[in-house]
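Taking it in order: structure first as structure tokens, then the write-up.
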């Protein structure tokens, strides 16, 4: 049968055919792509990952998953609190000072008609960030 493992004899055991090597290679590439952007603390998330709900003025941020479910984002060498836990506990970001998140949030044109200067919601981004923290093994998704 084409593409199946063949027996090369009693001393050599099964061997892979060319088709199986390609499938194995593709599977490894898929795993590497799934891990791209992830590290032990979070992940890089870009405007392309979120789409039109991207709330930031920068094209990409890095999520930092801190203890007690605090979420920070970093961009251009600066850190920002993403959620209330991070705002209440800026000391959980161990790499320097934390800036105001509004510094990098886009203005929401629709909301600004009612409240001038209103910023875009971070809800869609936060969901992706929590997912990244869970995948990195930093958080239990049931507690997020």
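In my numbering, the protein residues as written are 8 to 151. Just so it is clear, CB atoms sit at the ideal spot from N, CA and C, and this is done for glycine as well.
Using DSSP with H/G/I as helix, E/B as strand and the rest coil, what is residue 85?
Within the chain shown, residue 85 is the residue found at index 78, counting from 1. Correct three-state label for residue 85: strand.
The beta strand (DSSP E) spanning residue 137 covers which residue range?
Residue mapping note: residue 137 aligns to position 130 of the chain shown, counting from 1. Here residue 137 belongs to no beta strand (DSSP E); instead the alpha helix (DSSP H) covers 130 to 142.
Measure how close the beta-carbons of residue 153 and residue 62 come, nearest whole angstrom, since I'm counting them as under 8 Å.
In this structure the chain extends from 8 to 151, so residue 153 is not present and cannot be described.
Who are the Cβ neighbours of residue 81 in its own chain at under 7 Å, not counting the five residues just before and after it?
On the chain shown, residue 81 is found 74 positions in, with the first residue counted as 1. 68, 69, 71, listed in sequence order.
Where do the ends of the beta strand (DSSP E) carrying residue 52 lie?
Counting from 1 along the chain shown, the entry for residue 52 is found at position 45. 51 to 53 is the span of the beta strand (DSSP E), which, as asked, contains residue 52.
Alpha carbon to alpha carbon, what distance is there between residue 120 and residue 134?
Mapped onto the chain shown, residue 134 falls at position 127. Mapped onto the chain shown, residue 120 falls at position 113. For residue 134 and residue 120, the distance between alpha carbons rounds to 26 Å.
If distances are taken between C-alpha atoms only, which option among 102, 84, 107 comes closest to residue 95?
Here residue 95 refers to the residue found at position 88 of the chain shown. Per the Cα distances, 107.
Let's see if you can read the secondary structure: which residues bound the alpha helix (DSSP H) around residue 112?
Taking the first residue of the chain shown as 1, we reach residue 112 at position 105. Segment: none, residue 112 is in no alpha helix (DSSP H) and carries neither H nor E.
Could you check how far apart the C-beta atoms of residue 105 and residue 88 are, in whole angstroms? I think they sit under 8 Å.
The residue labelled residue 105 in the question sits at position 98 within the chain shown. The residue labelled residue 88 in the question sits at position 81 within the chain shown. The Cβ separation is near 6 Å, so the contact holds.
Drop a sphere of 10 angstroms on the beta-carbon of residue 117, count the other beta-carbons inside from all chains shown, and report buried for 16 or more, exposed for fewer.
Within the chain shown, the letter at position 110 stands for residue 117. Answer is exposed; the Cβ neighbour count stays below 16.
Go ahead and pull the three-state DSSP assignment for residue 146.
As a position in the chain shown, residue 146 is number 139, starting the count at 1. Three-state result, residue 146: coil.
With distances taken Cα to Cα, identify the nearest neighbour of residue 83 among 141, 143, 110.
Your numbering for residue 83 matches position 76 in the chain shown. That would be 110, whose Cα lies nearest to the Cα of residue 83.
Where does residue 49 land, buried or exposed, given buried means 16+ other C-beta within 10 angstroms?
Taking the chain shown and counting its residues from 1, the one referred to as residue 49 is at position 42. Sixteen is the threshold: when 16 or more other Cβ atoms of the shown chains lie within 10 Å of the Cβ of residue 49, as they do, the residue is buried.
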